[in-house]
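Beneath this line is the structure, given in structure tokens, with notes to follow.
Residue numbers (the working numbering), protein chains in the order written: chain A, 2 to 617; chain B, 169 to 613.
What follows is the structure in structure tokens.
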């Protein structure tokens, strides 16, 4: 008998567990007969842990101690703007953890997010164990494709805490594609549009001969059904405030009731065009006022108006992804809709309009991700147990750029997004100063050109370098991503052959202060892009501009000094000149690029003025 | 790319396969190649017929001729063509094989032992408990060739593979070598080997899956090819060359047709010719060759009448030029000539009169009229002078000649009016007064 393995879709609002039995993937229902379980955890007055439907049922009366949408916080730093925004809308209390992570305080006890996610995971494990009548250990857990390394690691931690052997973490849209294409013997290019409770993902895959090749993926970890609910809640709150001059958000219980009503209204508007929201006694009588009731009618049209920008954003992300991956929309042969929010007619219309295709009907948007996870779990275990080739293979990609910080605080990508894993890439860097004996390699992940705006994965210092003039030292940095998605970084000084490496496995346990310190105060350890050719051309350009500026300035000085504005402009030109000289000295390529542009503009300005001076 | 093609064709010629018919064997036996999908080969109907006879029944060319009812010569051609296209081969039985045939049959897709000549270290084969021996051999074999095989060989695809073929090859390779295919198996040192092989395959796929990088890579490959690849590439080059030739032929035909259409359209041709001549005329005029310009212009007008209006100024100018020249000659003839030349002078003067009438230039008209008067043709002289005065009624000399001519003819009324005009324009002229007086006298007489 083959080993029991499960796939778990750990969703923002709902979770789902599935397995493969007799070659057929199927969802396992919980004891209540529900195929999905709310991803909610609560601590009751008596201190008992409540999960799933029970937690959801008591959420209104115990809002302060009921955690929902924890997935939106997993692996996030306390200072992340999304966390700060969440603090204002969530009824439960967020506190900063010792290592700069996010914790949740319930009944005076703080819980880390992986701990809370683990409670949901163990509930799903229990659902499966009840079904099998025996223990289950191995599981594939899904995450949004756009999760960064920290979020992935935190999800893995959650699995470990729940007593699961998480054999693989896979992306939700990929899982959906696996379930869609499993045993179908199809040869197709498929787009998976996954608008779930909390996150949005879009992936494009080629499916052929049982191989699933992810071509591109993109997304937004802060766009999902929760945001749609929030829009309705705000609409209700403002309407109520207008009428009664009372802010319902001050009342935690009222807010929880609003949230429930909003979700229900949204779900109903997927099948009807209008719905009533009735919340009697929303505010209990206090002092001079009688009890207040909330009663409003929401039309589908109004809902679409309230959420138009959210839907728009998802389509924009699709467009951007196709452009960046240089894929042609016309080559996509099938669109699979995943996630409860894709039931909204407006979303379906937009997707249809964008891809020019009717979405696949065979897929259940709530269950398909768990089914795909189960399919992958079964495939891996089969590969382990049989001697033949697997009948299903997944070729996945990295969702984000991976690279290191270089001089000036810039981000240098080594492995770009949408590269198939496993992969490795090397690049040679150099020192910034004469006789520099140490360099710091700061490993980052993200989309920005500026290091600070990206997620830091780790850092290390390569020391005892031989003293050499700047720009001559050669330091080879190699990035490697294993099939498991584990990132390793090696740095090698080519002169001595000395090598250093880190494996980015654990959640980066670095506090924000430390991070700032690393990103800002490391001038003496900075590395630079080793590219003398680029530097030479830049240097020539900049020096030419400098000469031009120098020749122009005396001609226009008198004219410009006459006005405050002119005086200011002259000063600015002087600053740019100074900056250019420093950049040349530092061999700082990004700074040179910037200063070249500025000087060019200054030159055009000065030329214009000089012409006018000559004309008068 | 063409450099590559040249290079290939040169390389290929060295590996040219000796044709089966060159072998000195008396009666070679042929058979259909087993396991080949004949429908996928580019066979002619005759070849298809022949190969259908050969299926499962090796036979000689004479047998083929008998079976198909073809002449032996054409049967031979078809069989050779089939051998060339890979559908048939000389039968393996019998000792009638020369070296040439060996090469030929070696070239057909008979499965070869891929590991021939390789000795696997027992230490290596003892490692990795969860792998079969065949798997281990395959992994070791592939790892051995990571560096010396090109991307196509690594993915086990043809040089001519399409984008879809490359993807299929990579997917097939992935299923065999992706680390997930050996999930949590006890692989020992083979784990690293599999990883290395898969990464090499992925790198190969990354290059070949993008047309630009593939083309750049192909350019680096020519120096290092296997025999199979050379043959395949030469096939590709052949196909490409044929395509190019076809395209060139089409283009040429189109050009010829177009030229032909123009050639056989007389109207278009005339117009072309007229335009060409007129261009020449204008060029000549600009160069100061008035007469040449007139000739061309006149010719042009015969081809296209619409050009007449534009040609007129050129022709007039030429006429005026001619008159001037003739006058110069006449003047000198009259000055130095004798009576014997009188007839010639008259003739020339008349010709000049005709020409000058066309130009309608007063100065020239008057000049010719003067000459005509001098040589005793007052009637013609009067006409020209009259014309000159019509064009320009203030032309003194015109009226003068007109008066003199009329007087010479005895048309006193006309002569008197002309003399009057002359006097009006030139009151101080004694000559005019004398003329007027003589006319008056004559009339009164």
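Beta carbons: idealized from backbone N, C-alpha and C, even for Gly.
Being a predicted model, the structure only gives us computed values, none of them experimental.
**Asked** In the segment 173-224 of chain A, which residue ranges form an unbroken beta strand (DSSP E) of at least 3 residues, counting only runs that do not cross its ends?
**Response** Counting whole runs of 3 or more residues, the segment 173-224 of chain A contains the beta strand (DSSP E) stretches 189-196, 201-209, 212-221.
**Message:** Please identify the residue among 182/A, 451/A, 564/A whose C-alpha is closest to the C-alpha of residue 191/A.
**Reply:** As a first step, residue 191/A must be located in the first chain, where it is residue number 190. Among 182/A, 451/A, 564/A, the Cα nearest to that of residue 191/A is on 182/A.
**Prompt:** Can the beta-carbon of residue 398/A be found less than 8 Å from the beta-carbon of residue 421/A?
**Reply:** Here the question's residue 398/A lines up with position 397 in the first chain. Here the question's residue 421/A lines up with position 420 in the first chain. A contact, by the Cβ cut-off of 8 Å.
**Asked** With C-beta atoms as the reference, is residue 140/A less than 8 Å away from residue 6/A?
**Response** Counted from its first residue, the first chain places residue 140/A at position 139. Counted from its first residue, the first chain places residue 6/A at position 5. Yes, these two residues count as a Cβ contact at 8 Å.
**Close-in-space but distant-in-sequence residues of the same chain around residue 236/A (CB under 7 Å, 5 per side omitted)** = Locating residue 236/A in the first chain gives position 235, where the first residue counts as 1. So the qualifying residues of the chain are 307.
**Item:** Per-residue DSSP class, three states only, for residue 483/A
**Value:** Residue mapping note: residue 483/A aligns to position 482 of the first chain, counting from 1. Three-state DSSP puts residue 483/A in coil, outside helix and strand.
**Request:** Flag this pair as touching only if the segment 194-206 of chain A and the segment 313-333 of chain A have three or more C-beta atom pairs under 8 Å; answer yes or no.
**Result:** Per the Cβ contact rule, the segment 194-206 of chain A is in contact with the segment 313-333 of chain A (3 or more Cβ pairs under 8 Å).
**Item:** According to DSSP, residues forming a beta bridge with residue 444/A
**Value:** Here the question's residue 444/A lines up with position 443 in the first chain. Beta bridge pairing from DSSP links residue 444/A with 405/A, 459/A.
**Asked** Quick one, are the C-beta atoms of residue 600/A and residue 557/A less than 8 Å apart?
**Response** Locating residue 600/A in the first chain gives position 599, where the first residue counts as 1. Locating residue 557/A in the first chain gives position 556, where the first residue counts as 1. Contact flag unset, no.
**Item:** Residue from 373/A, 229/A, 149/A with nearest C-alpha to residue 342/A
**Value:** The count along the first chain starts at 1 and reaches residue 342/A at position 341. Comparing Cα-Cα distances from residue 342/A to each of 373/A, 229/A, 149/A, the minimum goes to 229/A.
**Item:** Coarse secondary structure for residue 279/A, derived from DSSP in three states
**Value:** Counting from 1 along the first chain, the entry for residue 279/A is found at position 278. Secondary structure of residue 279/A (DSSP, three-state): strand.
**Within-8 Å CB hit, residue 421/A to chain B** = In the first chain, counting from the first residue as 1, residue 421/A sits at position 420. Residue-level contact check: residue 421/A touches chain B, since one or more beta carbons of chain B fall below 8 Å from its beta carbon.
**Message:** I want to see whether chain B comes within less than 8 Å of residue 610/A, judged by CB atoms only; does it?
**Reply:** Here the question's residue 610/A lines up with position 609 in the first chain. Taking Cβ atoms only, chain B never reaches closer than 8 Å to residue 610/A, which makes this a no.
**Message:** On the DSSP letters alone, give me the boundaries of the alpha helix (DSSP H) that residue 454/A sits inside.
**Reply:** The count along the first chain starts at 1 and reaches residue 454/A at position 453. No residue range can be given for residue 454/A, since it is assigned to no alpha helix (DSSP H) and is classified by DSSP as neither H nor E.
**Prompt:** Going by C-alpha distance, which of 268/A, 314/A, 122/A is nearest residue 10/A?
**Reply:** Position 9 of the first chain, counting from 1, holds the residue named residue 10/A. Closest option to residue 10/A, Cα to Cα, is 122/A.
**Prompt:** Do the segment 394-408 of chain B and the segment 343-353 of chain B touch if we need at least three Cβ pairs shorter than 8 Å?
**Reply:** Between the segment 394-408 of chain B and the segment 343-353 of chain B, the count of C-beta pairs closer than 8 Å stays below three; the two stretches do not touch.
**Item:** Run of the beta strand (DSSP E) containing residue 149/A, from where it starts to where it stops
**Value:** Along the first chain, one-based indexing puts residue 149/A at 148. Where residue 149/A is concerned, there is no enclosing beta strand (DSSP E), given that its DSSP letter is neither H nor E.
**Message:** Suppose you measure from the CA of residue 288/B to the CA of residue 432/A; what does that come to, to the nearest Å?
**Reply:** Here residue 288/B refers to the residue found at position 120 when the second chain is read from its first residue. Here residue 432/A refers to the residue found at position 431 when the first chain is read from its first residue. Those two C-alpha atoms are separated by around 46 Å.
**Request:** Output yes or no for whether 8 Å exceeds the beta carbon distance between residue 304/B and residue 358/B.
**Result:** Here residue 304/B refers to the residue found at position 136 when the second chain is read from its first residue. Here residue 358/B refers to the residue found at position 190 when the second chain is read from its first residue. Yes. Within cutoff.
**Request:** Could you say which of 195/B, 197/B, 255/B, 342/B lies nearest to residue 217/B if we only look at CA atoms?
**Result:** Locating residue 217/B in the second chain gives position 49, counting from the first residue. Nearest in C-alpha terms to residue 217/B, of all of 195/B, 197/B, 255/B, 342/B, is 255/B.
**Prompt:** What does residue 367/B reach in chain A if we use C-beta pairs closer than 9 Å?
**Reply:** Position 199 of the second chain, counted from the start, is the residue given in the question as residue 367/B. Under a criterion of Cβ atoms nearer than 9 Å, the residues of chain A adjacent to residue 367/B are, in order, 423, 424, 425.
**Request:** With DSSP collapsed to three states, give me the class of residue 75/A.
**Result:** What you label residue 75/A is simply residue 74 of the first chain in a count that begins at 1. DSSP places residue 75/A in the coil class of the three-state scheme, outside both helix and strand.
**Asked** If you check the beta carbons only, do residue 261/A and residue 284/A fall under 8 Å apart?
**Response** The residue labelled residue 261/A in the question sits at position 260 within the first chain. The residue labelled residue 284/A in the question sits at position 283 within the first chain. The answer is no: Cβ separation not under 8 Å.
**Asked** Rounded to a whole number of angstroms, what is the C-alpha to C-alpha distance between residue 231/B and residue 377/B?
**Response** Taking the first residue of the second chain as 1, we reach residue 231/B at position 63. Taking the first residue of the second chain as 1, we reach residue 377/B at position 209. Per the coordinates, the alpha-carbon of residue 231/B lies some 49 Å from the alpha-carbon of residue 377/B.
**Request:** Over the uninterrupted alpha helix (DSSP H) stretch that includes residue 513/B, give me the two end residues.
**Result:** Position 345 of the second chain, counting from 1, holds the residue named residue 513/B. Taken as a continuous stretch (DSSP letters only), the alpha helix (DSSP H) holding residue 513/B covers 510-527.
**Request:** Could you work out which residue in 207/A, 498/A, 395/A is closest to residue 328/A when comparing CA atoms only?
**Result:** Residue 328/A sits at position 327 when you count from the first residue of the first chain. Nearest C-alpha to residue 328/A: 207/A.
**Request:** Just the chain A side, please: which residues come within less than 9 Å of residue 352/B by C-beta, in chain order?
**Result:** Counting from one through the second chain, the residue named residue 352/B turns up at place 184. Those within 9 Å of residue 352/B in chain A are 168, 381, 382, 384, 385.
**Request:** Could you check if residue 414/B is buried or exposed, using at least 16 other CB atoms within 10 Å of its CB as the buried criterion?
**Result:** On the second chain, position 246 is the one that residue 414/B refers to. The residue is exposed, with fewer than 16 neighbouring Cβ atoms inside 10 Å.
**Backbone CA spacing between residue 181/B and residue 337/B [nearest angstrom]** = What you label residue 181/B is simply residue 13 of the second chain in a count that begins at 1. What you label residue 337/B is simply residue 169 of the second chain in a count that begins at 1. Unreliable placement is indicated for residue 181/B, whose pLDDT of 39 sits below 50; the coordinate value is still reported in the next sentence. Residue 337/B has its alpha-carbon roughly 30 Å from the corresponding atom of residue 181/B.
**Request:** Measure the C-alpha to C-alpha separation of residue 1/A and residue 21/A and round it to an integer number of angstroms.
**Result:** As displayed, chain A neither begins before 2 nor continues past 617, which places residue 1/A out of reach and without an answer.
**Request:** Taking the CB atoms as reference points, tell me whether residue 400/A and residue 484/A lie closer together than 8 Å.
**Result:** Your numbering for residue 400/A matches position 399 in the first chain. Your numbering for residue 484/A matches position 483 in the first chain. Not closer than 8 Å, so no.
**Asked** How about residue 131/A: is its C-beta nearer than 8 Å to some C-beta of chain B?
**Response** Along the first chain, one-based indexing puts residue 131/A at 130. With 8 Å as the cut-off, residue 131/A does not count as an interface residue toward chain B.
**Request:** State the beta-bridge partners of residue 112/A as determined by DSSP.
**Result:** Mapped onto the first chain, residue 112/A falls at position 111. DSSP, once it has assigned bridges, lists 105/A as partnering residue 112/A.
**Request:** Return the chain-ordered list of same chain residues with a C-beta closer than 6 Å to the C-beta of residue 211/A, the five sequence neighbours on each side being excluded.
**Result:** Residue 211/A sits at position 210 when you count from the first residue of the first chain. Hits under 6 Å: 392, 393.
**Asked** With distances taken between CB atoms, is the gap from residue 129/A to residue 159/A smaller than 8 Å?
**Response** By one-based count along the first chain, residue 129/A stands at place 128. By one-based count along the first chain, residue 159/A stands at place 158. No, the Cβ-Cβ distance between residue 129/A and residue 159/A is not below 8 Å.
**Request:** State the CB to CB distance for the pair residue 364/A and residue 337/A, rounded to an integer number of angstroms; the pair is presumed to be in contact (CB under 8 Å).
**Result:** By 1-based counting over the first chain, the position of residue 364/A is 363. By 1-based counting over the first chain, the position of residue 337/A is 336. Residue 364/A to residue 337/A, Cβ: 5 Å. Contact.
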